[in-house]
Each structure stands twice: as structure tokens, then as C-alpha cells.
Amino acid sequence: MRVAVTVNGTEYARDVEPRLLLIHFLRDELGLTGSHWGCDTSNCGSCVVWLDATPVKSCTVLAAMADGRSVRTVEGLEQDGRLDPVQEGFIECHGLQCGFCTPGMMMTARWLLDHNPDPAEAEIREVISGQICRCTGYENIVRSIRWAAKHSQPDDAEAAE
Amino acid sequence: MHYMQVPSQVEYERATSVEHALSLLNRPDTRVVAGGHSLIPMMKLRLAQPEMLVDINGLAELAYIRLDGGQLRIGALARHADLLNSAVAGEHFPIFHDAERVVADPIVRLWGTIGGSLCQADPSEDLSAAFAAARATVVIRGQDGDRMVPVREFHLGPYETVIDRGELLAEVRVPVQSGTGSAYEKVARRVGDWSVAAAGAVLRVGEGGNHEPVITSAGLGLTAVGAEHFVAAEAEEFLVGGPADEDSFAAAGAIAAEHCRPVADQRGPEDYKRHLVAELTARALRRAAARAAAPNSGPNSGPNSGPNSGGART
């Protein structure tokens, strides 16, 4: 079947099997390998992308279900050469080691901050509770997201540089 | 790439209206897909091999939660996160907020649907027991119209419901009654996991013959422990007409533990599960009674204030 999906603002049309999973569509059909294919059972969260405005585990969504919709992946966080504060936070606070969970963590973090610009630590831990990191013990991921929250406020725009 | 889990070949159709969905569902071996977070993993494992999927995610007319005619009405396409964030649901049935807080994880809850959970009919699924405790009714839509089925008659067994070919679950209706309190208590091995066991209680407390408060109605649901239709019927019967006190709650817990039929699995042995049923039933009753006495002021009045909301266990 023919699917047309707008990914990070660019429309892509491809002929795919209806059983193709969204994560493989992104990685293998479009070459967007920023989103990671991890557990394949919707437990680990490394494949989280946005489907329209909602984060989803893309190993458990069919590419066909994204037909006519928008997808935002980790490649779409940076805008006009400027990193998202979430990406800066992960750099500043050492929010990754091996980096496997990072794209999913950052997509969920961006969504959280869009809905809750100043989340408490417990709220951050709750929202990433369906995503697994085997390196950081989560501590630095939480710090990274807190850093991004602090540096996303309009008044702090310069501090984010 | 050799170890990739891929569903078997399947056709895909996107329903453009409920009528369109119903006509597509008349074909054999056709399954509805909404959130897909149970069905797609089962398809990867070949536990499900439908010939065709009917995607109902575009049917906005099935995505709502509202109070109407003394009933809480939940459209089948409402997402778990919608129920968790619904103020009207939380006001009348805190049991649904308790349960939703421990269904899967926040990302899955954004996409998984209420109707999908019920239709999946997994014996460990949390909402079946919660809706059974609340004596909900489901609305099943077919080409000849709607039929109402009490949720206590909806499940025929594991992964099996009364929904026939050509039918679609449209709505869940829960009767709202004043003086009611409710709660759901779950034990899982880790955040986001299925229940080892869980219990839901819906209690109504009124005035008895000698002006003492007595339980006038009781609904008890049990998750993952082999309770028929997810209900602890004997314990319900015991509670009605008695006092809403600790002795009653403990006795009801013991009755529920005696009559359920848990099986030993990787989540625990049978005796441990019975122990959990007794304890969690008593806890759910205690919390439901407190909420009946002081509506909207108990613990967990807000969607993210619960003891299971987070923090240290990520």
C-alpha cells in the first residue's frame, strides 16, 4: 500500500506492506536512524517518536497507521541549526553514556516540557517510567530534563547558549 | 535484522465512520486496531494472525468521556490518559484514576484505548475488574443497532468476549450514585507491569435500621486471580447490610481470597496471590469507605498525587 507521512516537516511517500512497523519505516525506508529499535515489545521506549502531537512507541505502531499524519523524530528536535534545550541539557548534564535510550528519552522530555514547562523531579521520573536506561541510573537524565526546563524559560534564553 | 519480530501478512483498512467500520468487520478474521499495544505484539508472536485490520483511530465520535443521564459515558476510543485526566471520572469514580495510574506506562497510556483494553480481555488487565466493581454496562454496536451487555457478562474467558463478527464496542456506561466511594489497589513486580493481583471496590454507605451506617451496595472486582467475570461475588454478598468497618473489610478479603482461583506463574505462587487478594480487597474497601464518607477530599484526589505516581521506582 502507498503511505504518505510527513516526517519532521518533509513529506515522504513509499509503497510498503501493511505489516511494516513505523520504527522500520523510519529507519529502513527513510534512513532516519536516530530513532532506535530496541526491545521490540513496547517496553524499553528507545523507539519513541511523536505521531502528530503524541509520543508513541513506534515498534508497536504500523507505518500504515501513520499514513496522512505527521511524525516527529529526534532528528526534528534541532531547529535551524540550533539544538533543542533538551538536547543541550543532555550534553550539559551528561544525560547519556551509550546513547541507546537517548532519542526516546529526549522525545518524551520535549513532550513533557511542552505540557509542563516546570516539572518536578517526580513528574519527570513518572513520565519516563516506561523507558529503560541501563547506563545512567536515570539520575543524569532527570538532571538533563530539569536543565532543559530551566533554560527553556523565555527569560533564560541567553543562558541556554 | 534477522531477529526482527514482524507480524504476518495482513490487509489494512482505515474506517472512515462507525458504519464503515461495521461493514468491514463483517469479513472473517478481521480485527479492530486502535492503540494496538496488545494486538500488534500478539501479531508479532503469531498469537494473533488476522487477515485484515480495521483502524478506528480516526473515529473521533468514539473518543469522549462525559456525564450524561446519571451515567458516566466513556467512548471506546477514549485513551487511558483521557480517563486518567478526566475530572468528571475522577470525581465520581476515583477507582478509575487509581487503576489508570498503574496501567502500563505514561507513553502507552497516551495511545492505548479503554475499549481496546476491555476487548483484549486479558485476565490480568486492570480495567475489567474496575468496571466490574462499578457494575458498568457496555454498548455493542452492530449493523442492526446497539445492544447493552453488563460488563459482568462481557467476558467469556481469557481473550474472549461476547462481541460477534460485524460488531464494535462503542461505549462503556457506569451508573453514578451519590454516597459512593471507590478505590483500586494493585501489586505488581515493577512499575508498568501486569498485576500479580489487584482488587477494586465500589461501596455505597447508607443508614441502616437503627440509624447506624451500613453498606447498602458493594462491588468488588479482582484482577489476574481467576475470579469469574473478574468479580468477588461471595464477598459482595457478605458486605451488603453490614457495617463499613475494619472487621467487615478483613472478612470480605478472606472470603474473596477463598473463592478466587489464582494459578502459580512467574509472578508468584498461588498462596501468595490469595494473600494479596485478602489484603488488597481490605485496603480497597477501606479506601472506598473513606472516600464515600468524604468525597473529593481523600488521598489521590488529583490525577498525579497517588503513591504509585512515580518517583523513586523508575
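Protein sequences, first through last, are from chains A and B. Taken in order, the first sequence gives residues 22 to 182; the numbers are from this note's numbering. Taken in order, the second sequence gives residues 4 to 317; the numbers are from this note's numbering. All residues carry an ideal CB built from backbone N, CA and C; glycine is no exception. Please read all numbers here as calculations on a predicted model, not as lab measurements.
Quiz item: Are the region 99 to 117 of chain B and the region 47 to 57 of chain B in contact at 8 Å, needing three or more beta carbon pairs?
Solution: no
Quiz item: Quick one: what does DSSP say B:Leu50 is sitting in, helix, strand or coil?
Solution: coil
Practice problem: Quick one: using the 10 Å Cβ neighbour count with 16 as the cut-off for buried, is B:Ala267 buried or exposed? | Solution: exposed
Quiz item: Of the choices B:Arg277, B:Thr284, B:Leu171, whose alpha-carbon is the least far from that of B:Val35?
Solution: B:Leu171
Quiz item: Short check: CB of B:Leu225 to CB of B:Ala132, under 8 Å?
Solution: yes
Practice problem: For chain B, find out if any of its Cβ atoms is closer than 8 Å to the Cβ of A:Gly120; answer yes or no. | Solution: no
Quiz item: Terminal residues of the continuous alpha helix (DSSP H) containing B:Gly256?
Solution: 249 to 262
Self-check item: Neighbour list for A:Arg103 in chain B, Cβ cutoff strictly below 8 Å
Solution: Those do not exist, as A:Arg103 stays about 26 Å from chain B at its closest Cβ, beyond 8 Å.
Self-check item: Assigned secondary structure, B:Glu128 (DSSP; H/G/I helix, E/B strand, else coil)
Solution: coil
Exercise. Could you work out which residues of chain A lie near B:Ser120, taking near to mean beta carbons separated by less than 7 Å?
Key: Near B:Ser120 there are no residues of chain A at all, since even the closest Cβ is about 14 Å away, more than 7 Å.
Practice problem: Measure the Cβ-Cβ separation of B:Gly184 and B:Val217 and say whether it is below 8 Å. | Solution: no
Quiz item: Do you know offhand how far B:Gln146's Cα is from A:Asp135's?
Solution: 42 Å
Quiz prompt | Rounded straight-line distance, which links the Cα of A:Arg93 to that of A:Arg155 | solution = 25 Å
Quiz prompt | Min CB distance B:Tyr67 to chain A below 8 Å | solution = no
Practice problem: Mind listing the chain B neighbours of A:Thr27? Cutoff is C-beta to C-beta under 8 Å, in chain order. | Solution: Simply none; closest approach about 16 Å.
Quiz prompt | Helix, strand or coil at A:Asp177 according to DSSP, with G and I counted as helix | solution = With a pLDDT of only 48 at A:Asp177, under 50, the local geometry of the prediction cannot be trusted, and the value read off the model is given with reservation. Here A:Asp177 sits in helix by DSSP.
Exercise. Pick out whichever of B:Ala230, B:Glu14, B:Lys189 has its Cα sitting closest to the Cα of B:Asp101.
Key: B:Lys189
Quiz item: With distances taken from CA atoms, which of B:His214, B:Val152, B:Ala136 is nearest B:Ala201?
Solution: B:Ala136
Quiz prompt | Contacts that A:Ser63 makes with chain B (C-beta to C-beta distance below 7 Å) | solution = His40, Pro44, Val111
Quiz prompt | Close-in-space but distant-in-sequence residues of the same chain around B:Glu14 (CB under 6 Å, 5 per side omitted) | solution = Met55
Exercise. Please list, in chain order, all residues of the same chain as A:Asp73 whose beta carbon is under 7 Å from its beta carbon, the five residues on each side excluded.
Key: Arg90, Ser91
Practice problem: Name, going along the chain, the residues of the region 8 to 27 of chain B whose beta-carbon falls closer than 8 Å to a beta-carbon of chain A. | Solution: Gln8, Val9, Pro10, Ser11, Gln12, Val13, Glu14, Tyr15, Arg17
Quiz item: How far does the alpha helix (DSSP H) with B:Gly222 in it reach, from first residue to last?
Solution: That residue, B:Gly222, is in no alpha helix (DSSP H); its beta strand (DSSP E) goes 216 to 226.
Quiz item: Apart from the five residues on each side of it in sequence, which residues of its chain come closer than 7 Å, Cβ to Cβ, to B:Ala291?
Solution: Gly184, Ser185, Ala186, Ala204, Val205, Leu206
Quiz item: Any Cβ of chain A within less than 8 Å of the Cβ of B:Ser304?
Solution: Here the model assigns B:Ser304 a pLDDT of 42, short of 50, so the residue's position is not dependable, and the following value carries that caveat. No, B:Ser304 does not count as interfacial toward chain A.
Quiz item: Just curious, the alpha helix (DSSP H) that B:Pro153 is in, first and last residue?
Solution: Not the alpha helix (DSSP H): B:Pro153 falls in the beta strand (DSSP E), residues 148 to 153.
Exercise. With a 10 Å radius around its C-beta and 16 neighbouring C-beta atoms as the bar for buried, classify B:Gly31 as buried or exposed.
Key: The question names Gly, but residue 31 of chain B is Pro in the sequence shown. Exposed, since its Cβ has fewer than 16 Cβ neighbours within 10 Å.
Practice problem: Could you please give the first and the last residue of the uninterrupted alpha helix (DSSP H) stretch that includes B:Ala186? | Solution: From DSSP, B:Ala186 is part of no alpha helix (DSSP H) but of the beta strand (DSSP E) over 183 to 191.
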